[in-house]
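Presented below is the structure to which this report refers.
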Amino acid sequence: DVIDEIPSGGNIYETFLDQMEELKSDKVIRDFEPFAYDWRYSVFDVAKEDVIYENETKHLLDEVLALAEESYTGKVTLIGHSNGGLVAKALLYEYGETYLAGKIDKFIMIGTPQLGTPKAIGSMLHGLDQSLGFGLVATADTIRQVTRNLPGAYTLLPSQGYFNEISEPVITTDGSELAELVSTYGDIDSASRLQNFLLNSLGNRDEAMVLSEPIILNAQISSEATDMQNILDTWHAPDGVEVYEVVGTGLATIKGYRYREFSCAESNPSCILHSYLKPFPIMTNEGDQTVMGFSAEGYKGDKVTAVVDLKEENSKFATIDRTHKNLTESDSVQIFVDSVIKYPYFTDSVIIPEFTRVNSRYTIVGVHSPVSILAKDQAGNQVGVVAGEIKTEISGSQYFELGDSKYLVLPAEIDVSIELAGTGEGVYSLSIDEVNESGRQSQKSLLANATTSLTMKAEFAIENGVYSLLKTDLDGDGETDLEQTLNGEVINEPDPEYSYSDLREIIENLNLKHNLEKGLMVKVRLAEFFSREADKKPVFSRLETRILNSLDRVLDRYAKRRIISEEDLSQIKVIINNLNQNEK
C-alpha cells in the first residue's frame with residue numbers, strides 16, 4: 021500500500037498512478053493514497069503538521085496509519101519522488117520507532133536529492149528557471165526574493181554530506197578582481213563555506229540589484245535547514261524497513277557555478293555597465309537535469325539502487341523526455357517499482373535496470389545580455405522560446421535562464437542551426453561549452469562585446485561537431501553584414517560607406533594653406549552636386565567620377581611635394597574609392 025508525493029503543477033504522474041490502480045485492481049495492494057503538500061514548508065513541518073487543502077485538512081502520519089490498518093500485510097510501502105523522499109525520511113525519523121514501528125515494509129526514493137543539489141544555489145541566488153509566464157505572472161527576481169524566506173528551499177541546497185562525496189568546489193571564479201566578491205570566501209568546498217557565501221558573512225557585497233548579482237539569504241532559516249540536513253544525511257531506516265533508490269543519470273545537470281567578469285570599453289556608447297560579474301553553469305552528464313546521481317543514491321545503509329540512463333531511454337522514444345520532473349513516468353522506473361512492491365509475495369526478485377556507464381555528450385550555448393536564442397535541427401524541432409512558450413523538442417535538450425543570461429543545452433550528436441535575435445540595444449556575448457563523455461565541461465569559444473540592436477539577426481550551425489562562422493545581419497535587411505569565428509575573429513566585413521561630409525572633414529583636418537584647401541573643396545562640392553543629380557541623367561554620374569579622379573591626382577601631387585603625408589593620402593583615397601564605388 022502506497023503513499024506517493026504529488027507536488028503542485030502539471031499531471032506528471034499520470035501513468036504512474038495508472039500503475040498503482042492496476043496493482044490495486046490485481047489485489048497486489050489494498051489501496052494507495054497520493055499525498056500532496058506545499059514544498060515551501062520544511063520537510064519536517066510537512067511530516068509533522070497538518071497539511072491544509074481547499075476543503076479539508078490532512079496529516080501524513082494519519083494517512084499512513086489508515087493505509088496500514090486496511091493493508092493486506094498490515095504494512096505500507098512509502099514512495100517519495102524528488103523532495104517527497106525527504107518528506108518520507110523526516111516522517112520515519114519522527115515516527116519510525118514509535119507510531120510507525122512495524123508498519124512500514126519498504127521505502128522507495130525516486131530522484132530524491134538526499135544530499136541536496138547545486139541547482140538550488142542558482143535558483144535561490146539568481147532566479148534560475150524561476151520566472152512564471154516569462155515575467156508576466158512573476159519575474160525571476162520577485163520569486164527569488166520570496167524563496168529567500170521559504171524553509172523548503174534551503175533543505176535542497178548541498179549539505180555537508182554532498183561535499184563529502186565530491187573533490188571539487190561547487191562555486192569557482194575566473195580570478196578577476198571583481199570576482200573577489202566571491203573568491204574571498206575561498207573554494208566553496210564545504211557546507212560551512214557555502215553558508216558563509218550565501219549569507220554574506222564577510223559583509224563584502226550589497227543587496228543584489230540585478231539577477232546576475234547573488235542575493236543574501238536568510239541566516240535563521242539557513243541555520244535551521246543545516247540542522248535538518250545533518251539529520252537527513254545520517255538517517256538510517258528503522259529495523260524491518262527496506263530502502264530502495266532510483267537514480268536518473270545521463271542528462272546534462274548543473275553541478276556548480278563559475279563567476280566570470282565581463283567588461284566592455286568605456287568608449288562604447290552601448291556599454292552601460294563597464295564591468296560586471298555573471299554566474300556560468302558548470303554541468304556534467306551524471307544526473308537527471310536536476311539532481312546529481314550520487315545525491316540521489318545518498319543513503320548510507322543497506323539498500324537496493326536502480327540507476328536509469330535517461331539519455332539512452334529517451335533516445336528510444338519519440339514522445340516526451342523523461343527527466344527529473346517526470347521520472348516516475350519512465351518505463352524502467354515503473355518496472356523497478358512494480359517489482360519492488362510485488363517482492364517477495366508475487367515475484368521472486370526485484371527487476372533492476374541494466375546500467376554500465378554514461379557516455380552522453382552535450383553542447384552548452386549561452387548568450388549574455390539583450391539577445392534571444394533558438395536552436396533548430398534538420399527535422400524542424402526547436403529548442404528555445406517560441407511565441408512565449410519554452411520548446412525543448414530535441415530529445416535531451418534544455419533551455420533555461422540564469423542571471424540575465426539564456427542557455428541552450430543540446431546533445432552533441434545532433435546537427436543544429438542556432439539563431440540569435442537582438443531584443444534591445446547594447447552589446448552581447450556568446451559562449452560555447454562542451455561536456456564530454458566523462459562528464460567534464462570545457463569552454464569551446466567565447467565571443468565578447470558583440471553589437472546588438474532590435475534589428476540584429478545572427479546565426480551559425482553545428483554539423484558533425486564542427487562550428488560554422490557566425491553570420492550577422494546588423495540592420496535586419498536580410499543581408500549578411502559580418503562574418504566571424506565564434507571567438508570573435510572577423511573573417512569578412514563590409515567596407516565602410518563614406519559620405520562627402522567625411523571627405524570634407526578629412527580635408528579640413530589636413531591644415532593646408534587656404535588657397536590649397538579652397539581648390540580641393542571646390543572639387544568636392546562639384547562632385548557632390550553631380551552625385552545628387554546622377555539619378556536624373558547618367559552623364560552626371562560620369563562627371564562625378566571624373567571630378568573625383570581629378571581630386572585624386574591633385575592629392576598625389578601634394579603627397580609627392582610632401583604637402584600632405586602618405587598616411588593622409590591613403591585615408592583620403594579610401595574615401596574617394598568608396599564614393600566612386602557607391603551606386604549612382
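Heads up: the sequence shown begins at 21 in the working numbering, then just goes up one per residue. Even glycine gets a Cβ: it sits at the ideal position worked out from N, Cα and C.
* On a CA-only basis, which of Ala199, His344 and Glu479 is nearest lysine 691? Give me that one, please. => Residue 691 lies beyond the residue range present for the chain, which begins at 21 and ends at 604; the question has no answer from this structure.
* Asked: Three-state secondary structure (DSSP) at phenylalanine 337?
  -> DSSP places phenylalanine 337 in coil when its eight states are reduced to three.
* Distance, alanine 257 Cα to glycine 321 Cα -> Whole-angstrom Cα-Cα distance: 8 Å.
* To do: Tell me whether alanine 554 sits in a helix, a strand or coil according to DSSP, three-state version.
  => coil
* Determine the contact status of glycine 496 and glutamate 306, defining contact as a CB-CB distance below 8 Å. => Taking 8 Å as the cut-off, the beta carbon of glycine 496 is found no closer than this to the beta carbon of glutamate 306.
* With DSSP run on the structure shown, which of helix, strand or coil describes alanine 285? -> Its pLDDT being 49, under 50, alanine 285 is placed unreliably by the model, and the measurement read from it follows with that caveat. The answer is coil: DSSP assigns alanine 285 none of H, G, I, E or B.
* Return the first residue and the last residue of the alpha helix (DSSP H) that tyrosine 520 is part of. => 520-528
* Name, in chain order, the residues that DSSP records as bridge partners for leucine 422. => Ser425
* Taking the alpha helix (DSSP H) that proline 171 falls in, what are its first and last residues? -> 171-174
* Asked: Out of Ser437, Leu530 and Val370, which has the shortest C-alpha to C-alpha gap to glutamate 483?
  -> Ser437
* What is the residue span of the beta strand (DSSP E) that tyrosine 182 lies within? -> First-last for tyrosine 182: 180-184, but that is the alpha helix (DSSP H), not the beta strand (DSSP E).
* **Start-end ranges of the alpha helix (DSSP H) lying completely within the segment 191-246, minimum 4 residues** => 200-203 and 211-218
* For proline 364, is the classification buried or exposed, using 16 other Cβ atoms within 10 angstroms of its Cβ as the cut-off for buried? -> exposed
* To do: Using 10 angstroms around the beta-carbon of phenylalanine 36, count the other beta-carbons present and answer buried if the total reaches 16, otherwise exposed.
  => buried
* Going by DSSP, name the residue or residues bridged to valine 387. => Valine 387 is bridged by DSSP to Lys426 and Leu450.
* For leucine 330 and glutamate 349, the rounded distance between their alpha carbons -> 11 Å
* Asked: So what's valine 63 in DSSP terms, helix, strand or just coil?
  -> helix
* Outcome for arginine 278 when other beta-carbon atoms lying within 10 angstroms are tallied against a minimum of 16 -> buried
* From aspartate 435 to leucine 546, what does the alpha carbon distance come to, in whole angstroms? -> 56 Å
* Go through the segment 319-384 residue by residue and report every complete run of the alpha helix (DSSP H) that reaches 4 residues or more, in order. => 330-335 and 351-362
* Run of the beta strand (DSSP E) containing glutamine 504, from where it starts to where it stops -> 502-504
* **glycine 131 versus Lys580, Arg164, Leu177 and Lys345, residue with shortest Cα-Cα distance** => Selected option, being the one with the closest Cα: Lys345.
* Taking the CB atoms as reference points, tell me whether leucine 106 and leucine 112 lie closer together than 8 Å. => no
* Asked: With 16 as the cutoff for other CB atoms within 10 Å, does isoleucine 191 come out buried or exposed?
  -> buried
* To do: Rounded to whole angstroms, what's the CA-CA distance from threonine 167 to threonine 137? Just pull it up for me.
  => 16 Å
* Which partner residues does aspartate 493 have in the DSSP bridge list? -> Lys477
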